[in-house]
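Participant: One structure follows; several queries about it will come next.
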Amino acid sequence: MKENQKLRAVIVDDESRSHQHLTSLFDKNHPEVELLGSAFSVEDGLKLINLQEPNLVFLDIEMPDGTGFDLLHQIENYNFKVIFITGHNKYAVTAIKFGAIDYLLKPVDEKELAIALKEAQKEAQKQAQLNMSQEQLAILWETLERFNQQKLPSRIAIATTEGIHYKQVKDVIRLEAKQSYTEFSFENDKKIIASSNLGEFIEQFEHYSDFMKVHRSHLVNLNFVKTFVKTEGGHLVMVDDSEVSVSRLYKDDLLERLKKL
């Protein structure tokens, strides 16, 4: 897609107010968005997408005849970018995050919409989303299925400025805040700089008993702790020989959890 071409969008959401709100934001601030049509159910959304062939779909999660995930599962040739629009469905949002797929909470914030549309144009121009979406969706399906089985996701998609990396959760040694970014560390000195801040990932990993926040800038996989050093306030030495500061706030809980490993 050339830079001067429009984003060809459709909205699939069962709430009329959501359609009206998004449409008004497009009309007011985003001439780069060409709205091709609206649908209010999974069935009609599927028909609309197949008919119009958009490159951008604003997709609600919960609809009367199914979910946005059900809609995507029925599409054979997935060649558009998805931005989910949803209420505070915690499991659904967590699944979306594990798949590194964009989402906006209702009511959609004007500034957050602008950021999402800017990224959508970048991805459409280089067709990055088209190459990665199937793997992202696979992680999304797996996450939802494991939640239904009361299990935790085994894989995570990590979005970076260069692209998206797909990793096993168990292979993550630690996460460290790098201003508004997050550095993931893996064995063999492999590092990935994620585009999201550490707070986003702390929320994603909160149900994993093996992961613990030990400092405002550090989240660690306790399975990879080699040594706890008590001197100078205390710090961890990880299996990759990196040193991680431990805040007094987390020290006692950390020691208790290490004993149970």
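Residue 54 in the numbering used here sits at position 49 of the sequence shown; the count goes up by one each step and never skips. Just so it is clear, CB atoms sit at the ideal spot from N, CA and C, and this is done for glycine as well. Quick caveat: nothing in here was measured; it's all calculated off a predicted structure.
Quick one, which of Lys-95, Leu-109, Ala-119 has its alpha-carbon nearest Asn-34's?
Facilitator: Ala-119
Participant: With a threshold of 7 Å on Cβ separation, who are the neighbours of Phe-31 within its own chain once the five nearest residues in sequence on each side are excluded?
Facilitator: Val-38, Leu-40
Participant: Here's the rule I'm using: 16 or more other beta-carbon atoms within 10 Å means buried, otherwise exposed. How should His-26 be labelled?
Facilitator: buried
Participant: Under the three-state reduction of DSSP, which class applies to Val-177: helix, strand or coil?
Facilitator: strand
Participant: If we require 4 or more residues per run, which alpha helix (DSSP H) segments fall completely within the region 30-91?
Facilitator: 47-57, 73-78, all fully within the region 30-91.
Participant: Count the other CB atoms within 10 Å of the CB of Leu-145; is the residue buried (16 or more) or exposed (fewer)?
Facilitator: buried
Participant: Which residues in the same chain have their Cβ closer than 7 Å to the Cβ of Thr-166, if we skip the five residues on either side of it in sequence?
Facilitator: Ser-200
Participant: So, helix, strand or coil for Leu-193, using DSSP?
Facilitator: According to the sequence shown, residue 193 is Asn rather than Leu. Looking at Asn-193 - three-state DSSP - the assignment turns out to be helix.
Participant: For Tyr-186, which residues from the same chain have a beta carbon less than 8 Å from its beta carbon, with the 5 sequence-adjacent residues on both sides left out?
Facilitator: Ile-198, Ala-199, Ser-200, Ser-201, Asn-202
Participant: Touching or not, the region 67-79 and the region 40-52, by the rule of three or more beta carbon pairs under 8 Å?
Facilitator: yes
Participant: In whole angstroms, give me the CA-to-CA distance for Val-15 and Ser-43.
Facilitator: Approximately 6 Å between the Cα atoms of the pair.
Participant: To the nearest whole angstrom, what separates the beta carbons of Ser-190 and Ile-178, a pair I think is in contact under 8 Å?
Facilitator: Ser-190 to Ile-178, Cβ: 5 Å. Contact.
Participant: How far does the alpha helix (DSSP H) with Thr-99 in it extend, from its first residue to its last?
Facilitator: From DSSP, the alpha helix (DSSP H) with Thr-99 extends over 95-103.
Participant: Taking 7 Å as the limit between beta carbons, can you name the residues of its chain near Gln-173, skipping five residues before and five after?
Facilitator: Ser-159, Arg-160
Participant: Sorted by chain position, which residues of the same chain lie with C-beta nearer than 8 Å to Met-217's C-beta, five sequence neighbours on each side aside?
Facilitator: Leu-224, Val-225, Leu-227, Tyr-255, Asp-258, Leu-259, Arg-262
Participant: Starting from Phe-206, trace the alpha helix (DSSP H) both ways and give me its first and last residue.
Facilitator: The continuous alpha helix (DSSP H) containing Phe-206 extends over residues 203-209.
Participant: Run through the DSSP bridge pairs and tell me what Asp-107 is partnered with.
Facilitator: Ile-88
Participant: Taking only three categories from DSSP, how would you classify Arg-13?
Facilitator: Three-state result, Arg-13: strand.
Participant: How would you call Pro-59, buried or exposed, if buried means at least 16 neighbouring beta carbons within 10 angstroms?
Facilitator: Counting Cβ neighbours within 10 Å, Pro-59 comes out buried, since at least 16 surround it.
Participant: Smallest Cα separation from Phe-152: which of Lys-95, Met-243, Glu-192?
Facilitator: Lys-95
Participant: Please report the distance separating the alpha-carbon of Glu-124 from that of Thr-236.
Facilitator: Taking the straight line from one Cα to the other gives about 46 Å.
Participant: Taking C-alpha atoms, which residue in Gly-204, Asp-246, Thr-28, Thr-99 lies nearest to Gln-184?
Facilitator: For Gln-184, the closest C-alpha among the options Gly-204, Asp-246, Thr-28, Thr-99 is that of Gly-204.
Participant: Name, in chain order, the residues that DSSP records as bridge partners for Phe-216.
Facilitator: In DSSP, Phe-216 forms a bridge with Asn-226.
Participant: Hey, out of Glu-181, Thr-232, Asp-176, whose CA is closest to Leu-207's CA?
Facilitator: Note on identity: in this sequence residue 207 is Ile, with Leu being the wrong assignment. Nearest option by C-alpha distance: Glu-181.
Participant: Taking Cβ positions, are Tyr-171 and Ala-164 nearer each other than 8 Å?
Facilitator: no
Participant: Check Leu-266 in the structure and name its three-state DSSP category.
Facilitator: Coil.
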